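Read the structure below first, then the notes.
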Amino acid sequence: MLVGAILALTWVILGFWAFLFVALSMLVGALVGRVIDGRLDLGSLIGAFQGKRSSS
């Protein structure tokens with residue numbers, strides 16, 4: 011809920027491009043936090059985007 015409020019205020023006060031920048035920064039920060047915390051395996055994420063199969 012707080013994320014939505016921050017994004018809405020950013021859009022209203024600063025405009026679309028600032029909103030887009032803040033949203034992308036939040037997304038990157040969340041992904042980096044999950045990688046550091048160990049909840050997201052970066053190798054498997056890259057493999058998923060490359061189309062590698064996870065099972066034999």
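Plus 10 on top of the position in the sequence shown (first one is 1) and you've got our numbering. Backbone N, C-alpha and C define an ideal beta-carbon position, used for all residues, glycine too. None of these values were measured; they are calculated from a predicted model.
Per-residue DSSP class, three states only, for residue i
i          : result
residue 44 : helix
residue 25 : coil
residue 50 : coil
residue 57 : helix
residue 11 : coil
Distance between beta carbons of residue j and residue i, contact taken as under 8 Å
i          : j          : result
residue 50 : residue 41 : 7 Å
residue 26 : residue 17 : Not a contact, Cβ separation roughly 11 Å.
Chain B contact for residue i (CB, 8 Å cutoff)
i          : result
residue 58 : Among the chains of the structure shown, chain B does not appear; only one protein chain is present.
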